[in-house]
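In our numbering, the protein residues as written are 151 to 320.
Structure below.
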């Protein structure tokens, strides 16, 4: 395809939520992060049946999350290579379904890593400090330079949220 891959896809539509509702679709999206692949390649790599992969790819495609990268003729048929339609997913703020879907996908990835980096810290910040931190984190992830396809892949999850702390005692 000649269309460029979008930098970010904001999870906000019913189709997005439906697409992210099944853990196998998360696995497909992560697998396609390595580059375009056929149904056969995905089925082999994920240890799944081709029919299962085809079904879940269709749901992702209907949500605009996966598209056909290119096709090629093989043995009298046409083989399709599928790719993600985005570089990164962005959860719509305040939507617990999108947050749960994204965190569920990341939890599966973290469980498979023998040495993940995971920090949770609560800070007291002014609104201006929080905004500066938000911009810095967003820039850092968005502008991270990718190495070549022969290098290992890493997942990065960044979130900044305001805690629902009870008001101070008067």
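Each residue gets a CB set at the ideal place from its N, CA and C atoms; glycine is no exception.
task: Could you tell me whether the Cβ atoms of residue 233 and residue 219 are closer together than 7 Å?
output: yes
task: Please report how far the alpha carbon of residue 274 lies from the alpha carbon of residue 224, in whole angstroms.
output: Whole-angstrom Cα-Cα distance: 60 Å.
For this session: May I ask you to report which of helix, strand or coil DSSP gives residue 161?
Result: Note: residue 161 maps to strand in three-state DSSP.
Subject >> Enclosing beta strand (DSSP E) for residue 220 [first to last residue] >> reply: 216 to 224
How far does the beta strand (DSSP E) with residue 234 in it reach, from first residue to last? 227 to 234
The alpha helix (DSSP H) enclosing residue 301, as first and last residue numbers | Taken as a continuous stretch (DSSP letters only), residue 301 belongs to no alpha helix (DSSP H), as it is neither H nor E.
*asked:* Can you tell me where the alpha helix (DSSP H) holding residue 278 begins and where it ends?
replied: 277 to 292
From 212, 235, 194, residue whose alpha carbon lies closest to that of residue 179: Ranked by Cα distance from residue 179, the options 212, 235, 194 are led by 235.
Check your understanding: Going by DSSP, what residues sit across from residue 238 in a beta bridge?
Key -> Per DSSP, 158.
_Quick check: the Cα distance between residue 269 and residue 262, rounded to an integer number of angstroms?_
17 Å
**Message:** In whole angstroms, give me the CA-to-CA distance for residue 159 and residue 196.
**Reply:** 24 Å
* Start and end of the alpha helix (DSSP H) containing residue 173? -> 173 to 182
Residue environment, residue 189, which counts as buried when at least 16 other CB atoms sit within 10 Å: buried
Exercise. Grab me the residues of residue 306's own chain with a C-beta within less than 6 Å of its C-beta, minus the 5 sequence neighbours each way, in chain order.
Key: 291, listed in sequence order.
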